[in-house]
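Sequence lines, in order, name chains A and B.
Numbering of the first sequence is given in the UniProt record's numbering, commencing with residue 1 and proceeding in unit increments.
Numbering of the second sequence is given in the UniProt record's numbering, commencing with residue 1 and proceeding in unit increments.
This report concerns only the one structure given below.
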Amino acid sequence: MATTPRSGGVGGAGTATRPNGTSQNKSCQFKLVLLGESAVGKSSLVLRFVKGQFHEYQESTIGAAFLTQTICIEDTVVKFEIWDTAGQERYHSLAPMYYRGAQAAIVVYDIQNQDSFQRAKTWVKELHKQASPNIVIALAGNKADLSNIRVVEFDEAKQYAEENGLLFMETSAKTGMNVNDIFLAIAKKLPKNDGANNQGTSIRPNGNETNRPTNNCCK
Amino acid sequence: MTGRQESRRLCAVTFFAKLHPGDVCGSNGLPLTPNSIAILGRAQKLKELQDEHLCQYLDVIRGKHERTIVVSEYLGLSLEDYAKRNPPLSLAQILRIFYQVACGINVLSQHHLVAHNLEPKHVLISDDGRRIKLFNYGLHHMTKGGCYVPFPIGNIRYMSPERLLGLNGNVKSDVWALAMLVVELVLQIELWPKLKLSNVIRKILAFGRSNGVLEKIAREHQCYERYVSMDKDLRQLLESCLQVLPKKRPLPQELLKQPIFESVLAELKKERDQEIQENQEHVPLLLRCPLSQIYHLWQLAGGDVQAELKKEGLIRSEAPILGLPQIVRLSGASVCPGRSQAQLMDDRVVPLRLKALLQRLSRLPADVYFPLLHSPRFPAHFARELQALPLVIREKDIEYQFQRVRLFTRLLQGYPHTAEQLRREASVDVPPLLRGPIWAALLDVVPNGSYCKIDKFTATSTDRQIEVDIPRCHQYDELLSSPDGHRKLRRLLKAWVTAHPQYVYWQGLDSLTAPFLYLNFNHEELAFLSLFKFIPKYLQWFFLKDNSAVIKEYLSKFSQLTAFHEPLLAQHLASISFIPELFAIPWFLTMFSHVFPLHKILHLWDKLMLGDSSYPLFIGIAILRQLRSTLLSSGFNECILLFSDLPDIVMEGCVLESQKMYEVTPKSITHRQHALHQQQPHSLDIGVTEVELKHLQLEQCPRISAKDVQALLLYSPSELALVDLRSVVEYGRVYVPHSINIPFATVQLGDQRLEALPVANVETQLRGRIVVCVSNIHQHSVEFSHFLVACGIQRTCILHKGFNVLHSIEPNILISN
C-alpha cells in the first residue's frame with residue numbers, strides 16, 4: 001500500500017494520475033477543512049502534508065487558503081481539496097462557507113495552549129451542529145515536538161476524542177510526526193463507495209460544475 | 001596626518017555577535033533570533049543621534065556568521081594618536097578636550113544612553129585640534145550592555161570600580177572614564193602600560209581603600225611632581241570625578257557648569273560665530289549635505305562596506321571545512337573548532353573614501369544641491385530625460401537619485417506648505433531614502449505629539465492575537481524580525497486599537513502596519529500617524545467588528561470593475577464560481593501587504609498613495625490581468641490554487657496597468673457607499689446611499705453618474721458611446737447627440753453576438769469607448785449591459801437613474817424634435 005502523499009495533485013479533475021500504472025484504481029475527491037485557534041499550526045500542517053516543507057515563520061492566514069494533495073490508499077486514489085482557514089475568532093463568520101459541504105475536518109489545537117484546546121472543542125460542537133452529518137472529524141494536537149512543555153495532556157484529549165467519535169493524533173508539522181498519518185486515517189474512514197460524498201460544492205454558490213467533468217467519485 | 005579630513009568622513013568598524021549554541025529554539029518553538037539581528041534593531045536608535053560632539057551612526061550591516069559592521073562618521077584622528085604626535089598638550093587644549101567630551105557624554109545621557117567604552121581611541125579630534133567627537137559610543141547600547149557579543153565592552157584601564165564589579169548603565173561610570181582619560185593627558189602618562197589585565201583590575205579595585213585616587217595614580221606612575229604642580233581647579237575637578245562612590249561624582253551637566261570651563265566656553269562660542277560668518281566656499285557642496293544622504297549615494301555609486309573591510313584584511317575568508325564540527329553528539333550538540341576571528345574584537349577603523357563620489361557629483365550645478373523651489377527658474381530641467389527610464393534604473397542612478405533626494409529634502413522641509421508640489425514630484429517617483437516621510441506627507445500627516453499620549457501598555461483582549469501574529473509578520477526582514485522591531489510593531493498595533501474604540505484588531509492589520517514601521521523605524525509617531533491616515537483613506541470601516549457589509553460591497557465593486565475592464569475574464573470567473581470572497585479578502589484587507597514581500601509593496605504603495613480609495617481595486621484587476629491567460633484556461637481548482645500561492649507578479653507592470661485603468665475610469669463608476677466621503681455629492685452624482693449592496697450584486701456592470709456622462713460629452717466625446725435603449729419613437733422625440741439607438745425590444749438576449757443586434761457596425765462604434773447603457777427602464781439597461789459583457793465589450797456601464805436624469809443637466813445636452 002502506498003501511503004506517502006504525492007505532490008502535484010493539482011489536476012483539478014477527478015481522474016488523478018495513477019501512481020503505479022494500474023488502470024483499475026478508483027479515484028475520489030474529498031473536501032477537507034482545517035479549523036482551530038490562530039497560531040496552532042493549521043497552515044503548517046497543510047504545508048507539511050502538501051509540500052513536505054516547514055517554515056518557522058509561517059505567515060498568518062487571512063480569509064482562507066486552498067491546497068490540494070493526492071494520496072493512494074489501497075487501490076483508491078484520494079484527492080484532498082483542503083481549505084485552510086484563518087484562526088482569528090473574528091474570521092469565524094467566514095468559516096461556514098468553508099466547512100459547509102466538507103466531508104472531513106481537522107480541528108487543530110496547540111498542546112502547549114489550553115485555550116486552543118477549549119477552542120477546538122467549540123469547533124467540534126459547531127461542526128456537529130452545522131456541518132454535514134457524515135463529516136469525518138479529526139482532532140490534531142499539534143506542536144508535539146514541544147511535548148516537554150505541554151499543557152494539554154495526551155490522555156485528556158484522547159478521552160475527549162473518543163467520547164465525541166473523533167479521530168485523534170498528536171502531530172508535529174515541524175518534525176512531520178503523524179502529519180501524513182492523520183490525513184491517511186481520515187482517508188481510510190471516508191466512505192469511498194458512497195456516491196454522495198462529493199456533493200460539497202456549497203463553497204461555489206452557483207454549484208456550476210461544467211469545468212470539472214469528472215467530478216463524481218469512484219468511477 | 002592621515003589624509004585630509006574630507007576624504008575620510010565615513011568609516012566602518014566590525015565585530016562578531018555571539019553565536020547561539022547549535023539549533024536552539026525559544027519557549028515558543030521558534031528559533032532564537034540571531035544576536036546580530038537584535039543588534040541591528042537596537043542600533044537603529046543610534047542613527048537618530050545628531051550632535052556636534054558625537055560621530056553620527058549611519059548604518060549597521062549583517063555579514064556572514066553573525067558578523068556585524070557598523071558604519072559611522074569619522075573625524076580627524078583619535079586622541080590617542082593626537083596626543084602622541086603633539087606632546088605635551090597645553091592646559092587650554094586639555095580643558096577643551098575635557099569639556100567637549102563631557103558635552104558628548106551629556107548628550108548621550110539625555111538620550112538615556114551611556115558610552116561605557118570611553119578611551120582615547122574613541123575620542124576623535126579634528127585635524128586642527130579644535131573639535132572633538134565621541135566615536136563608537138553606541139556599542140554598549142546596541143549590544144544590550146554586551147549581552148549580544150562575546151567580548152566585554154570598554155577598556156579595563158578606564159573602567160570605574162563599580163563597572164568592574166558588574167554594575168552597568170550609570171552615566172557616572174563614563175565620568176570616571178573621562179577623568180582617567182584627562183589624567184593621562186595632564187600627567188603625560190599611559191595608564192599602567194606594562195601591567196597584565198588582572199593586575200590593572202586589582203589596581204582599580206584597590207582604589208576602594210584609598211581616598212586620593214588621583215594622587216595614587218600619580219605616585220604609581222612616578223609623576224607626583226606633575227600632580228602637585230597641576231592647576232588646582234583642574235585637580236579638584238578630576239578628584240571629584242574619580243570618587244570611588246559614583247554618587248559623589250558630578251553628573252555630566254554639572255561638569256559642564258564648572259567655572260574652569262568658562263574660558264573654553266567663550267572660545268568655542270567665538271569660533272562658532274566665526275564659522276557662521278566665514279565663507280564656507282572651501283567645503284565641497286556635497287559635504288554640506290546630511291551624512292546619511294552622502295552615505296546613501298556612496299552606496300549607490302558602488303560603495304561596498306564589506307569589500308572595503310576585505311581590502312583592509314578585516315574580513316578574511318576561512319576554508320569552510322575548518323568550520324565543520326569535530327564531534328556531533330546524538331543530542332544534536334556539536335563541538336566545533338572556535339573560529340579564530342570570532343572570539344576577537346578587532347577595533348581597527350576602516351575609512352570609506354568619498355573622493356570618487358565627490359568628483360563624480362562635482363559637475364552638478366549648485367541648484368541641484370540646493371534647489372530653489374520658489375525661484376522662477378524652477379523646475380530645473382535636470383534629468384528630465386531620465387524620467388522615461390524604468391524605475392529600477394532610476395533608483396540605481398546616482399545623479400538622478402541625488403537630484404531627487406535633494407529636491408525632496410527641500411520639499412519636506414517646506415511641508416505642509418509644499419504639499420502640492422510634493423505630490424506632483426511624488427507622482428514621478430519616490431526616492432527610496434526618503435520614502436517614509438514622503439508617504440507621511442502624501443497622507444497629510446502632521447506630527448502633533450499625540451502618539452506619545454496613547455496608552456500602549458495596558459493589557460487588552462487583543463494582546464494574545466497581536467502576540468502570535470507579530471512573530472509571523474514579514475520576518476524575512478532583518479529590522480522587523482529584531483526584538484526591537486517586534487516591540488515597536490506591538491506598540492503601534494496596540495496604540496491603533498486604543499485610538500479606535502469603534503474598530504477592532506483584525507488579523508492583517510499587522511501586515512498593513514509593517515511597511516510604515518519598516519520605513520519609519522526610528523519615528524514611531526510618523527509610522528503611527530501614517531497608518532492612522534491610511535486606513536480611513538483606503539480601508540474605511542474595514543476594521544469594524546462586523547465588517548461583512550463593507551467587505552461584501554467592496555468585493556462586489558471589485559467584480560463590477562473586473563467586468564468593466566476585463567469582461568471576458570469576469571465572465572469566465574463568474575461561470576466557474578471563482579468569487580472574490582475566496583481569494584481577494586487578504587488582498588484588500590491588507591492592501592496587498594500580506595501577499596507581497598516588502599520591496600514590492602513599497603513600489604505598489606508609492607502609486608497607491610497618490611490615488612484615492614478606488615485605486616486598490618485597479619491593482620486587483622491588474623493582477624488578474626497579468627494572470628489572464630492562465631485564469632481563462634483554468635477551472636475552479638487551478639484558479640484557487642494559483643491564488644493560494646500567488647505567482648511572481650511583475651510589480652512595475654501591475655503598477656502601470658492599474659494606473660492606466662484608474663485614470664480612464666470615471667469616478668462614479670467606483671462609487672461605494674462605505675468609502676470615505678468628504679464632500680457632499682453633487683446633485684448629478686450618485687448619492688451616498690442610493691446604490692445598495694443588492695444592486696451591486698445583481699448588476700454585473702457598474703453605474704455611472706449623469707455628471708460623469710456630461711463631462712465625457714463635453715470634454716472627450718470620442719471616448720463615449722451612449723447606447724439608448726428606448727424605443728425608436730421615444731428616441732425620435734428627444735435624444736443625446738451621437739448616441740446609438742438600440743431599442744431594447746429588438747434585442748435577442750439569448751443570442752450573445754453583437755452581429756445579432758439590429759444596428760450595423762455596433763462593434764466599431766463601441767470598442768475602446770466607455771459604453772453607457774441608457775434607458776428609462778432600469779432593468780433594460782441591466783440586462784443589456786450583461787449582454788454586452790458576454791460579448792466581451794469593455795467598459796460597459798449603466799446610467800444611474802436612467803434617461804430622465806439627463807433632462808436635469810444644465811446647460812441642456814439633449815436634442816428635442
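Cβ atoms here follow ideal geometry from the backbone N, Cα and C, with glycine treated the same way.
Non-local C-beta neighbours of asparagine 522 (chain B) in its own chain, meaning closer than 8 Å and more than five positions away in sequence, comprise Gln44, Lys45, Lys47, Glu48, ordered along the chain. By DSSP's assignment, cysteine 72 (chain A) forms a beta bridge with A:Val77. Tyrosine 224 (chain B) sits exposed, since fewer than 16 C-beta atoms from the chains shown fall within 10 Å of its C-beta. Counting only Cβ-Cβ distances below 7 Å, serine 93 (chain A) has contacts in chain B at Ser548, in chain order. Taking every protein chain shown into account, the CB of lysine 42 (chain A) has 16 or more other CB atoms within 10 angstroms, so this residue is buried.
Following the DSSP letters along the chain, one finds lysine 203 (chain B) inside the alpha helix (DSSP H) bounded by residues 197 to 206. Think of a sphere of 9 Å around the beta carbon of tryptophan 506 (chain B): the chain A residues whose beta carbon falls inside it are Ile62, Gln88, Arg90, Tyr91, in chain order. Assigned with DSSP and collapsed to three states, glutamine 100 (chain B) falls in helix.
Residue contact check for leucine 67 (chain A) against chain B: a CB pair falls below 8 Å. A contact is defined here as three or more CB-CB pairs under 8 Å, and the region 546 to 557 of chain B fails this definition with respect to the region 466 to 477 of chain B. Taking 8 Å as the cut-off, the beta carbon of isoleucine 204 (chain B) is found closer than this to the beta carbon of leucine 164 (chain B). Chain A places a beta carbon closer than 8 Å to that of proline 31 (chain B), counting this residue as a contact. For glutamine 58 (chain A), the neighbours in chain B by C-beta distance under 8 Å run, in chain order, Arg472. Of the residues assessed, valine 171 (chain B) falls on the buried side of the cut-off, its CB having 16 or more other CB atoms within 10 angstroms.
Between tyrosine 503 (chain B) and threonine 462 (chain B), the alpha-carbon positions lie close to 12 Å from each other. DSSP, read as helix, strand or coil, puts valine 244 (chain B) in coil. For lysine 133 (chain B), the enclosing beta strand (DSSP E) starts and ends at 132 to 134.
Under the 8 Å criterion on CB atoms, isoleucine 585 (chain B) is classed as interfacial with respect to chain A.
The region 794 to 804 of chain B and the region 685 to 704 of chain B touch, with no fewer than 3 CB-CB distances between them shorter than 8 Å. In the pairwise beta carbon analysis, the region 422 to 431 of chain B is classified as touching the region 393 to 411 of chain B: at least three pairs are separated by under 8 Å.
For the pair of segments examined, the region 103 to 121 of chain A was found to touch the region 133 to 147 of chain A: the number of CB pairs separated by less than 8 Å reaches three. Cα atoms of lysine 607 (chain B) and phenylalanine 528 (chain B): separation of roughly 20 Å, rounded to the nearest angstrom. Rounded to whole angstroms, the gap between the alpha carbons of phenylalanine 516 (chain B) and threonine 76 (chain A) is 51 Å. Here the C-alpha atom of isoleucine 132 (chain B) lies approximately 46 Å from the C-alpha atom of valine 497 (chain B).
A distance below 8 Å between beta-carbons, with the five flanking residues on each side excluded, links aspartate 346 (chain B) to the following residues of its chain, in chain order: Thr14, Phe15, Leu314.
Within the region 22 to 46 of chain A, the residues whose Cβ lies closer than 8 Å to any Cβ of chain B are, in chain order, Ser38, Ala39.
Per DSSP, the beta bridge partners of arginine 67 (chain B) are B:Phe16. For serine 556 (chain B), the closest Cβ of chain A is not nearer than 8 Å.
Between arginine 150 (chain A) and isoleucine 182 (chain A), the gap from beta carbon to beta carbon reaches 8 Å or more.
The Cβ atoms of isoleucine 742 (chain B) and leucine 766 (chain B) lie no closer than 8 Å to each other.
In chain order, Ser44, Leu47, Arg48, Ala173, Lys174, Gly176 place their CB closer than 8 Å to the CB of phenylalanine 54 (chain A), counting only its own chain and leaving out the 5 sequence neighbours on each side. When rounded, the separation of the alpha-carbon atoms in proline 717 (chain B) and valine 771 (chain B) is 11 Å. Taking the beta carbon of glutamate 81 (chain A) as reference, the chain B residues within 8 Å of it are Asn637, listed in sequence order. Annotation: the region 728 to 753 of chain B contains the following complete segments of the alpha helix (DSSP H) (minimum length 4 residues), in chain order: 728 to 733.
Taking 8 Å as the CB threshold, valine 468 (chain B) lines the interface with chain A. Neighbourhood of threonine 590 (chain B) in chain A, by CB distance below 7 Å: Ile62, in chain order.
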